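For the record, the sequence lines run as chains A and B.
Remember, this note's numbering sits 508 above the position in the first sequence when you count from 1.
Remember, this note's numbering sits 508 above the position in the second sequence when you count from 1.
Presented below is the structure to which this report refers.
There are 2 protein chains.
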Amino acid sequence: MSDTAQWLGYTSALLTTSSFFPQALKTIRTNNTEAISLRMYLLFSLGVSGWAIYGLINQDGPVFWANVVTLPAILVVLERKVRAVVAASGRKREE
Amino acid sequence: MSDTAQWLGYTSALLTTSSFFPQALKTIRTNNTEAISLRMYLLFSLGVSGWAIYGLINQDGPVFWANVVTLPAILVVLERKVRAVVAASGRKREE
Chain A
509 MSDTAQWLGY TSALLTTSSF FPQALKTIRT NNTEAISLRM YLLFSLGVSG
559 WAIYGLINQD GPVFWANVVT LPAILVVLER KVRAVVAASG RKREE
Chain B
509 MSDTAQWLGY TSALLTTSSF FPQALKTIRT NNTEAISLRM YLLFSLGVSG
559 WAIYGLINQD GPVFWANVVT LPAILVVLER KVRAVVAASG RKREE
């Protein structure tokens, strides 16, 4: 891979990966996941994990690192959402 | 690239790319972009464009197509948001 391609890859990685952190921080801060789509975050987590493995297989640094770093930001939101869904279904059973 | 890697790449592409369409459809339907972060969508559009070029340079089909198909979904939201911001700043000037 040329240096230009590497540079472009890591710049793109920085731009797209950093886009996911504000949501994660907001979710941690507010613990409010009402507006979050569980299905979307499930599919997205699977996709980002797939991309990380894809980057590893192809020894593609930018693709690997972009997705490995994005994954925790997505999983934090997913984990809070799953907790909220489980808690809500527990409350329903008690009613 | 091995067939397995290709398959993994396109499956990941399908998962992550399809995650962005519900937002685009919702924005088109409601025309409400109040909760959308202009800065995040600007950075994200730049990043996705960068990834598309990166995929093209590396002749990496999954990376190229995932980002080329995602881009319009992002740009639709960005375009509506920019319109809303411009309209709001116009109203402010009139006041």
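Using N, Cα and C, we set each Cβ at its ideal position, and we do this for glycine too.
Here the structure is a predicted model, which means the values were calculated and not measured.
Inset, instruction - Report the three-state DSSP secondary structure of Met509/B (helix, strand or coil). - result: By 1-based counting over the second sequence, the position of residue 509/B is 1. It is coil, neither helix nor strand.
Legend entry - Closest by C-alpha distance to Val585/A, when choosing among Val576/A, Glu602/A, Glu542/A and Ala574/A: Position 77 of the first sequence, counting from 1, holds the residue named residue 585/A. Comparing alpha-carbon positions, the option among Val576/A, Glu602/A, Glu542/A and Ala574/A lying closest to Val585/A turns out to be Glu542/A.
Inset, instruction - Evaluate contact between the segment 512 to 525 of chain B and the segment 550 to 563 of chain A, counting only Cβ atoms and requiring at least three cross-stretch pairs below 8 angstroms. - result: With three or more CB-CB distances shorter than 8 angstroms, the segment 512 to 525 of chain B counts as touching the segment 550 to 563 of chain A.
Legend entry - Cut-off 7 angstroms between Cβ atoms - residues of its own chain near Trp559/B, not counting five sequence neighbours on either side: Along the second sequence, one-based indexing puts residue 559/B at 51. Within the same chain, and ignoring the five residues on either side of Trp559/B in sequence, the residues whose Cβ sits closer than 7 angstroms to its Cβ are Val571 and Asn575.
Legend entry - Helix, strand or coil at Glu587/B [DSSP, three-state]: Locating residue 587/B in the second sequence gives position 79, where the first residue counts as 1. Helix, per DSSP.
Legend entry - Where Thr538/A falls, given that 16 or more other Cβ within 10 Å makes a residue buried: Locating residue 538/A in the first sequence gives position 30, where the first residue counts as 1. Exposed, by the Cβ-count rule.
Inset, instruction - Could you tell me whether the Cβ atoms of Gly569/B and Tyr518/B are closer together than 9 angstroms? - result: For this step, residue 569/B is matched to residue 61 along the second sequence. For this step, residue 518/B is matched to residue 10 along the second sequence. Yes.
Inset, instruction - Using only alpha-carbon positions, find the residue among Arg599/A, Ser510/A and Tyr549/A that is nearest to Ala581/A. - result: For the purposes of this step, residue 581/A is identified with residue 73 of the first sequence, where counting begins at 1. Here the closest residue by C-alpha is Tyr549/A.
Legend entry - For Ala560/A, three-class secondary structure by DSSP: The residue given as residue 560/A occupies position 52 in the first sequence. Here Ala560/A carries a helix assignment [DSSP, helix/strand/coil].
Inset, instruction - Quick one: using the 10 Å Cβ neighbour count with 16 as the cut-off for buried, is Asn566/B buried or exposed? - result: The residue labelled residue 566/B in the question sits at position 58 within the second sequence. So Asn566/B ends up on the buried side.
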